[in-house]
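Trainee: Quick one: the structure is below, and I'll ask about it shortly.
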Amino acid sequence: MEIRSIKQPIPSDDVGLQSLLSPEHLASAVEEILSTTAFIDIHTHLFSPAFGNLGLWGLDELLTYHYLEAEFFRSSEMSPEHYWQLPKAEQADAIWQALFVENTPVSEATRGIVAVLKAFDLPTDTSDLDESRSFFRAQSIGSHIRNTFAMAGIETAVMTNDPLHPEEQRVWMQEVQSDPRFKAALRLDRLIRDWPGHWEILAAQGYAVDPQASDRTLAEVRRFLDDWHERMSPVYAAVSLPDTFQFPVETIGNRILGGAVLPWCREADLPLSLMIGVRYQVNPRIRLAGDGVGRGDLRALENLCRTFPENRFLVSVLSRENQHELCVYARKFSNLMPFGCWWFLNNPSIVEEITRERIEMLGASFIPQHSDARVLEQVIYKWRNTRAILAGVLTETYRLLLRDGGRIRRQDIQRDVNRLFRSNFEKWTSSAVSPSQAR
Ligand code: RAT
Ligand code: ZN
Numbered sequence: 041m042e043i044r045s046i047k048q049p050i051p052s053d054d055v056g057l058q059s060l061l062s063p064e065h066l067a068s069a070v071e072e073i074l075s076t077t078a079f080i081d082i083h084t085h086l087f088s089p090a091f092g093n094l095g096l097w098g099l100d101e102l103l104t105y106h107y108l109e110a111e112f113f114r115s116s117e118m119s120p121e122h123y124w125q126l127p128k129a130e131q132a133d134a135i136w137q138a139l140f141v142e143n144t145p146v147s148e149a150t151r152g153i154v155a156v157l158k159a160f161d162l163p164t165d166t167s168d169l170d171e172s173r174s175f176f177r178a179q180s181i182g183s184h185i186r187n188t189f190a191m192a193g194i195e196t197a198v199m200t201n202d203p204l205h206p207e208e209q210r211v212w213m214q215e216v217q218s219d220p221r222f223k224a225a226l227r228l229d230r231l232i233r234d235w236p237g238h239w240e241i242l243a244a245q246g247y248a249v250d251p252q253a254s255d256r257t258l259a260e261v262r263r264f265l266d267d268w269h270e271r272m273s274p275v276y277a278a279v280s281l282p283d284t285f286q287f288p289v290e291t292i293g294n295r296i297l298g299g300a301v302l303p304w305c306r307e308a309d310l311p312l313s314l315m316i317g318v319r320y321q322v323n324p325r326i327r328l329a330g331d332g333v334g335r336g337d338l339r340a341l342e343n344l345c346r347t348f349p350e351n352r353f354l355v356s357v358l359s360r361e362n363q364h365e366l367c368v369y370a371r372k373f374s375n376l377m378p379f380g381c382w383w384f385l386n387n388p389s390i391v392e393e394i395t396r397e398r399i400e401m402l403g404a405s406f407i408p409q410h411s412d413a414r415v416l417e418q419v420i421y422k423w424r425n426t427r428a429i430l431a432g433v434l435t436e437t438y439r440l441l442l443r444d445g446g447r448i449r450r451q452d453i454q455r456d457v458n459r460l461f462r463s464n465f466e467k468w469t470s471s472a473v474s475p476s477q478a479r
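Going by my numbering, the sequence shown opens with residue 41, and the numbers climb by one from there.
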């Protein structure tokens, strides 16, 4: 589905919007509305231009995406150790040769590369990457972001901002040029998941913290969060958690989560995003590609939603087996907003299944997808694929409604699409900064 020019919300007295749709007009109406509504990408690893080299874009970054590296090691004799020693352009060449020249690019991640090249009118079936490389080299980042977001049909992207990442911290400590296309999210993995490895960094920055996470430490962690709130103006705080995550049990991470982060989120009126189900470094030899998935115990989520009713949770779970439970919990707890089909779930067959299940159980009260893009141009194929799947799922949903005797107008579809891809998130983060204030 091509993205047409994105329009502003149409006034609801527009005649076309109000006329009733018959079954044969549903598909084209849904497609049109999906292709003309600008989405908010609520979780990415992209950065605004102010972050310089932290923001990845261009052909070599696209080809060395860790989703492709995992596939490369299955189709090449090259050892990971050898691969990691190569310069990035040679890594990209090796991946292109193995996955695109010697094999047919039929996986989701490889098709994504083909779609991006095609979107920029670059060759997709050559053994030579020179033309594509020089195309990307010729782009200037500001306008390239503008074009790429327009092609993807997104208005804003939420970054992942780690206050304990040394390079990123340096940028935040200077005056960051604000860019309304990017919003910040305060990522807290290092604090919550690895306090023993990080408390000394906070101590060195003047926070009176200790390894045991004493009561005084909890107060100091809140002061640290306040300081970063001031710097970043995040729209939410976030943490990814292992499949083994339990709450409540006495761990340092849970003390920090329950005793500092959640009370602080409440006070700052920010949601907390929980991404549950990673098995970190199942195969460390392949680095970022080496994480796996495990089924989580969502009673931990139940306990959090019940114990902290005044907190809002944005939740994505990585295991396919956890998806139905997540919907059930969302029906029990209105402070829980399921979002996205994350990482290993972001494949058409699984996205379709999960999205149908969510609509059947939650109506439009969830956020179907985020891109998780690490490399700028990925948003083009990821959002195109999401729109294509949603077109089918929504059309079928409305067809069932008509069959059951309901009525559907364009404005109903527009309201649902707005809710799914914009306003559920905007409402959840409404107290956070407006785009013009965001960095
Ligand atoms: O999906 C991914 O790219 C993963 O590597 C993770 O970054 C995950 O999305 C996360 O945010 O932890
Ligand atoms: Zn991510």
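Positions of the beta carbon are idealized from the N, C-alpha and C atoms, including for glycine.
Say the cut is 7 Å; is the CB of D267 nearer than that to a heavy atom of the ligand ZN?
Mentor: No, since every heavy atom of the ligand ZN falls outside the 7 Å radius drawn around the Cβ of D267.
Trainee: Consult DSSP for S463 and reduce its assignment to one of helix, strand or coil.
Mentor: Three-state result, S463: helix.
Trainee: Quick one: what's got a C-beta closer than 7 Å to L376's C-beta in the same chain, skipping five residues either side?
Mentor: Closer than 7 Å at the Cβ level, and outside the excluded window around L376, lie C345, F353, V355, Y369, A370.
Trainee: If you run the structure through DSSP and keep just helix, strand and coil, what is G317?
Mentor: DSSP places G317 in strand when its eight states are reduced to three.
Trainee: Considering only the beta carbon of each residue, do I181 and R221 sit closer than 8 Å?
Mentor: No. Outside cutoff.
Trainee: On the criterion of 16 or more Cβ atoms from any shown chain inside 10 Å, does R447 qualify as buried, or is it exposed?
Mentor: So R447 ends up on the exposed side.
Trainee: Who does A278 pair with in a DSSP beta bridge?
Mentor: DSSP lists R227, S313 as partners of A278.
Trainee: Can you check the stretch 54-84 for any alpha helix (DSSP H) of at least 4 residues that lies completely inside it and give the ranges in chain order?
Mentor: Qualifying alpha helix (DSSP H) stretches, in chain order: 55-58, 63-76.
Trainee: Look up R449 in the DSSP assignment and give the residues it is bridged to.
Mentor: R449 is bridged to L60.
Trainee: Would you grab the beta carbon distance between R233 and V279 for me? Rounded to a whole angstrom, and I think it's under 8 Å.
Mentor: Indeed, because the Cβ distance is near 7 Å, the residues count as touching under 8 Å.
Trainee: Pull the bridge partners of A197 from the DSSP assignment, please.
Mentor: Partner(s): D81, F222.
Trainee: Ordered along the chain, which non-local residues of its own chain (more than five positions away) have a Cβ less than 7 Å from that of E361?
Mentor: The answer, listed in chain order, is R335.
Trainee: Cα separation between A244 and Q252?
Mentor: Distance between the alpha carbons of A244 and Q252 is about 16 Å.
Trainee: If you count every other CB in all the chains shown that lies within 10 Å of the CB of E109, and 16 or more means buried, which is it?
Mentor: It counts as buried.
Trainee: Relative to the C-alpha of A155, which residue among L169, S68, R424, I390 is closest?
Mentor: Here the closest residue by C-alpha is R424.
Trainee: Report whether the distance from the Cβ of S167 to the nearest heavy atom of the ligand RAT is below 7 Å.
Mentor: Flag unset: Cβ of S167 not near the ligand RAT.
Trainee: Do three or more CB pairs link the stretch 151-166 to the stretch 418-435 at distances below 8 Å?
Mentor: A contact exists between the stretch 151-166 and the stretch 418-435.
Trainee: So within the stretch 330-367, which uninterrupted beta strand (DSSP E) runs reach at least 3 residues, ignoring any that extend past its ends?
Mentor: Entirely contained in the stretch 330-367, the beta strand (DSSP E) runs reaching 3 residues are, in chain order, 353-357.
Trainee: Is D412 near the ligand ZN, with its Cβ less than 7 Å from a heavy atom?
Mentor: Yes, the beta carbon of D412 sits closer than 7 Å to at least one heavy atom of the ligand ZN.
Trainee: By DSSP's criteria, F379 is part of a beta bridge. Which residues make up the other side?
Mentor: I407.
Trainee: Check whether the stretch 210-226 touches the stretch 189-196, counting contact only when three or more Cβ pairs, one atom from each stretch, lie closer than 8 Å.
Mentor: A contact exists between the stretch 210-226 and the stretch 189-196.
Trainee: Please classify S471 as buried or exposed, where buried requires at least 16 neighbouring CB atoms within 10 angstroms.
Mentor: It is exposed - the Cβ of S471 has fewer than 16 other Cβ atoms within 10 Å.
Trainee: Determine, using beta carbons only, whether E64 comes closer than 8 Å to chain B.
Mentor: The structure shown contains no chain B; it holds only a single protein chain.
Trainee: What separation, rounded to the nearest whole angstrom, lies between the Cα atoms of P63 and Y438?
Mentor: Their Cα atoms are separated by approximately 8 Å.
Trainee: Is DSSP giving V433 helix, strand or coil here?
Mentor: Helix, per DSSP.
Trainee: What does the alpha-carbon distance come out to for the pair R462 and P408?
Mentor: Going by the C-alpha atoms only, they are around 10 Å apart.
Trainee: Can you name the residues that DSSP bridges to V415?
Mentor: L96, per the DSSP bridge assignment.
Trainee: Pick from I429, W468, S411: whose alpha carbon is nearest that of F79?
Mentor: Checking every option, the nearest Cα to that of F79 belongs to S411.
Trainee: Judging by CA-CA distance, which residue of N464, W468, T469, Q454 is the nearest neighbour of S75?
Mentor: The residue with the shortest Cα to Cα distance from S75 is Q454.
Trainee: Sort I82, L61, E72 by Cα distance to V275 and report the nearest one.
Mentor: Minimum Cα distance to V275 is reached at I82.
Trainee: Out of curiosity, what's the CA-to-CA distance linking R396 and L242?
Mentor: Computed Cα separation, rounded: 44 Å.
Trainee: Could you check the C-alpha separation between E130 and S147 for me, to the nearest Å?
Mentor: Their backbone Cα atoms lie some 22 Å apart in a straight line.
Trainee: So, is S359 buried or exposed, given that buried needs 16 or more other C-beta atoms within 10 angstroms?
Mentor: Burial call: buried.
Trainee: What's the gap between the Cα of G98 and the Cα of P89?
Mentor: Using only the alpha carbons, I get a separation of about 14 Å.
Trainee: Rounded to whole angstroms, what is the Cα-Cα separation between Y107 and W383?
Mentor: Cα-Cα distance, rounded: 9 Å.
Trainee: Can you give the Cα-Cα distance for L61 and Q451, rounded to whole angstroms?
Mentor: Taking the straight line joining both Cα atoms gives about 10 Å.
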